[in-house]
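Counting in our numbering, the sequence shown runs from 1182 upward without gaps.
Think of the CB as a built atom: it goes at the ideal place given N, C-alpha and C, for glycine as much as any other residue.
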Amino acid sequence: MIAVVAYAIYWVLNDSPISRWLNDSDAVVPSFLSITAFIFGLTISTLAGFSFEKHESAISNLITESSSIDSLINVSTVLPSEDRAQINVAIKNYLNAVIEKEWPVMNEKDAKNREIALPEFIALSKTINQIAYQTNQRASIGSQLEAELTVIRHNRKVRQSIAYDTDNINKWIVIPISSILLLISVGIVHLGSLKAMKVSLSIASLCILTAMTFLYITISPYGMWNPIKPHQLEESLRMMGTVNSNN
C-alpha cells in the first residue's frame, strides 16, 4: 500500500495532467510550520487522544459489567431453585434489553432513549434486593449480590456518560477557530502568488477536512468507525444458558 501511494504521488507530481500547474507553483512554502498550524495540530492530537481514551474506558467498562453479571450467575447456583430461577430470568431480560435495545440506541446517539433498558435493570435490582435481604439469607451471599449489583449500576452510568455526555462537538469550539486561523495564516503567507495561495489553501483544507472526519468517526466508541460491540454481555448470556443446563 505504501508503494502504491508513493508511486501515485510521484505520478501526480511529475506525469499527471496537473503536474505542470503544480510545478509552476514554486512560491509554495512550508506554512504548516506557523504557530497556527501548531495550535491546530495540538488541538487535533489532544482530541484524538481523548477519543482513544474513551474507547479504552468503554472496553474496560464493558468487561467490568460483564464480569459482575457472571458473578451473579455463579452466586445464583448456590441459591434455592426458586430464587435462582428469579435471578436468571431477571438477568436474561436485562442482558437482552441492553444488547437488543440499548446498544443500537447508543450506536445511533439517540439520547432521548438512553434509559430504554432501565425497566429491565430496575426489575433486576428489585429481584436481587428481595433475595439478598431475605431473613434466612446468608450474610455473605446477600453482601455479594448487593456488591455485584452496585458494580453493574455504576458501570451502566459510566457507559451512558461515555455514550452521550462527552461527544458534543459544540464543546470543542476551538476546532473551527483554530481551522479558520490556520487558513488565514496560509493565505497571508502566499499573498505574493495567487497560484501558490490556491495550492496551499487546498492542501490545508484537505488536511483540516481529514482531521475533522477522523474525529467525527471516532468521537463515540459505540458508533461510526470501529464501534465497540457487546460481545462480553452476549458471552455472559451464553454462559448463563450453559450453567443452567448443567444444573
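Exercise for review: For the stretch 1288-1299 and the stretch 1360-1374, state whether three or more C-beta atom pairs, one from each stretch, are separated by less than 8 angstroms.
Suggested key: no
Practice item. Return the CA-CA distance between residue 1192 and residue 1182, expressed in angstroms with no decimal places. Key: 15 angstroms
Practice item. Could you name the residues of the same chain whose beta carbon sits closer than 6 angstroms to that of residue 1239, not counting the 5 residues immediately before and after it, in chain order? Key: 1343, 1402 and 1409
Exercise for review: Kindly list the residues whose CB is nearer than 6 angstroms to the CB of residue 1392, restricted to its own chain and excluding five residues on each side of it in sequence; keep chain order.
Suggested key: 1225
Check your understanding: Who are the Cβ neighbours of residue 1265 in its own chain at under 6 angstroms, not counting the five residues just before and after it?
Key -> 1257
Review point. Can you tell me whether residue 1406 is buried or exposed, with buried defined as 16 or more other CB within 10 angstroms of its CB?
Key: exposed
Exercise for review: Hey, could you find the ends of the alpha helix (DSSP H) residue 1405 is sitting in?
Suggested key: Residue 1405 -> no alpha helix (DSSP H), and no H or E assigned at all.
Review point. Where does residue 1182 fall in DSSP's three states?
Key: coil
Review point. How is residue 1291 classed by DSSP in three states: helix, strand or coil?
Key: coil
Check your understanding: If we count the other Cβ atoms within 10 Å of its Cβ and call it buried at 16 or more, is residue 1319 buried or exposed?
Key -> exposed
Review point. Grouping DSSP H, G and I as helix and E and B as strand, with all else coil, what is residue 1237?
Key: helix
Review point. Could you give the uninterrupted runs of the alpha helix (DSSP H) lying entirely in the stretch 1257-1330, keeping only those of 4 residues or more?
Key: 1262-1278, 1284-1288 and 1299-1313
Check your understanding: What number of angstroms, rounded off, separates the C-alpha of residue 1417 from the C-alpha of residue 1185?
Key -> 45 angstroms
Point to revise | Buried versus exposed, by CB contacts within 10 Å (16 or more), residue 1336 | key: buried
Review point. Between residue 1346 and the ligand ZN, is the CB less than 6 angstroms from at least one heavy atom?
Key: No copy of the ligand ZN occurs in the structure displayed, which carries no ligand at all.
Review point. Does the distance from the C-beta atom of residue 1301 to that of residue 1275 stay below 7 angstroms?
Key: yes
Check your understanding: Three-state secondary structure (DSSP) at residue 1338?
Key -> helix
Review point. Quick one: is residue 1396 near chain C, going by C-beta distance under 7 angstroms?
Key: Chain labels in this structure do not include chain C; a single protein chain is all it has.
Check your understanding: Hey, would you say residue 1329 sits closer than 7 angstroms to residue 1253, going by beta carbons?
Key -> yes
Point to revise | Spatial neighbours of residue 1312 in its chain, beta-carbon cut-off 6 angstroms, leaving aside the 5 residues before and after | key: 1264
Review point. Looking at the structure shown, is residue 1357 part of a helix, part of a strand, or coil, going by DSSP?
Key: helix
Check your understanding: Taking the alpha carbon of residue 1399 as the point to measure from, which residue in 1199, 1221, 1198 and 1234 has its own alpha carbon closest?
Key -> 1234
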